[in-house]
Each structure stands twice: as structure tokens, then as C-alpha cells.
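Per my numbering, residue 20 is the first one in the sequence shown, and the count goes up by one each step.
Even glycine gets a Cβ: it sits at the ideal position worked out from N, Cα and C.
Everything on this sheet refers to the single structure shown next.
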Amino acid sequence: MKIVTIFAETLFAFHFTNEKQNELERLLDLWNDVSYLHRFVKDNRSDLPKNESIQQVIEEILESAASIDDSLISYSTNKRSTLDEFFKPLDNKEYRIKTLSKQKSRCAYLRLYALRIDANCFIITGGAIKFHHLMEDRPHTATELKKIERCRDYLKTNNITDNDSFYEFLIEVV
20 MKIVTIFAET LFAFHFTNEK QNELERLLDL WNDVSYLHRF VKDNRSDLPK
70 NESIQQVIEE ILESAASIDD SLISYSTNKR STLDEFFKPL DNKEYRIKTL
120 SKQKSRCAYL RLYALRIDAN CFIITGGAIK FHHLMEDRPH TATELKKIER
170 CRDYLKTNNI TDNDSFYEFL IEVV
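Below, the structure is given as C-alpha cells:
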């Protein structure tokens, strides 16, 4: 597992050893692959809202993927806005900032998961297409919960708690 830069000083992503791409690239490719989306939506049809067709859901996912990509660029490069506005605590009951807080961003059915290192500094750990309320209830979202925890443990093991320790770590591993 390694950490790669997406936008210097603000946005990073995990790149897992068994994957060809970092998590952001992998997800955006999946979320733009119509064949994959058709299989996924069809396989999870029982979780879809009753009034939406498979095609409508696929179109919404494609639009959401483009929106997430555009938003990440905007938040990462615009000095008047920050990624703190894009990501929100994964736990809706979390009201104060925790060290290595688990975060999410959502756009319709898509979720992007990250860990907050410090103000306006995040590492993407994964993401999912989510039709169901609780992450624990579906295998693909439960896997994302385990992955974000594994990434958090990796950062803790390497004594990363804020920007300073994070950037020191990045310098050491290069």
C-alpha cells in the first residue's frame, strides 16, 4: 500500500499493491464503464428505488461521476473553497473533528471515502455505489468500511496524526 498525490498538499489517494491504479482513478474508471454499471445495477436491482429504471440509474451514476471529478478539481485548485466543504464525516453523529476522521462525499448513488489528515488535506481510501442505507448491510460497502479502517490503521502505525507528520512520512518513503 502506498499513498499517491492527486493534488499537491490537499488531496491524496491510496494505491493498493494488488491494483493497477490508485483508488480515485480506479473508481472513476469503474463509474464511467457502462458495461460494469449495467452489471452492477442489474445485480443490485432489488435495492433500487421502485420508480427508477436500470437505465435511469446508470445515467445518474455517469453524471455523478463527472460531477465528483469536476468538484474535486474545483475544491483542490480554488483558493476560496476547500475539500473540507466536499467531504463530511462518515458517521452522521460526528460533530467534532477527530484525528484521522473517516469522511465521505456523496453525489446521488456514489460515495467517495477518505481520511481527513488535517484541514483541507484528505486521502481517498475507496468508494462505492450505494443504494442501501447501512454500509454493513451489503458486501461491497462493508468491504469499503474494512478498507477505510485498514488505511486508518496504516496511518496510525506510521504515527500520522496531522499535516506535519503526514508530509514527513511522505518525504521518508520517497
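Note to self: Taking a contact to mean a Cβ-Cβ separation below 8 angstroms, would you say Ala133 touches Phe150 in this structure?
What the structure shows: In this structure, Ala133 keeps its C-beta atom at 8 angstroms or more from the C-beta atom of Phe150.
Item checked: Beta-carbon proximity of Tyr128 to Ser83, cut-off 8 angstroms -> Yes, the pair counts as a contact, with Cβ atoms nearer than the cut-off.
Are the beta-carbon atoms belonging to Thr144 and Phe33 less than 8 angstroms from one another? Going by C-beta atoms, Thr144 is nearer than 8 angstroms to Phe33.
TODO: State the beta-bridge partners of Cys140 as determined by DSSP.
DONE: Answer is Asp137, bridged to Cys140.
Runs of beta strand (DSSP E) lying entirely within the segment 84-144, each at least 3 residues, in chain order: Listed in chain order, the complete beta strand (DSSP E) runs (minimum 3 residues) inside the segment 84-144 are 120-126, 129-137.
For a quick check, are the C-beta atoms of Thr24 and Cys140 less than 8 angstroms apart? No; because the gap between Cβ atoms is not below 8 angstroms, this pair is not in contact.
- Query: Grouping DSSP H, G and I as helix and E and B as strand, with all else coil, what is Thr176?
  - Reply: Correct three-state label for Thr176: helix.
* Over the uninterrupted beta strand (DSSP E) stretch that includes Phe35, give me the two end residues. => Here Phe35 belongs to no beta strand (DSSP E), and DSSP marks it neither H nor E.
Query - Short Cβ contact (8 angstroms threshold) for Asp88 with Leu47 - result: Taking C-beta atoms as the reference points, Asp88 and Leu47 count as a pair closer than 8 angstroms.
Throw me the rounded Cβ distance for the Arg135 and Ser124 pair, which I believe falls under 8 angstroms. At roughly 11 angstroms, the Cβ-Cβ gap does not stay under 8 angstroms, so Arg135 and Ser124 are not in contact.
Let me know the secondary structure DSSP gives Ala27 once reduced to three states. Reduced to three states, the DSSP call for Ala27 is coil.
Note to self: Quick check on Thr122: buried or exposed, where buried means 16 or more other Cβ atoms within 10 Å of its Cβ?
What the structure shows: Residue identity differs from the one stated: residue 122 is Gln in this sequence, not Thr. Buried.
Using 8 angstroms as the threshold, is the C-beta distance between Arg169 and Ala147 below it? The Cβ atoms of Arg169 and Ala147 do not sit closer than 8 angstroms to each other.
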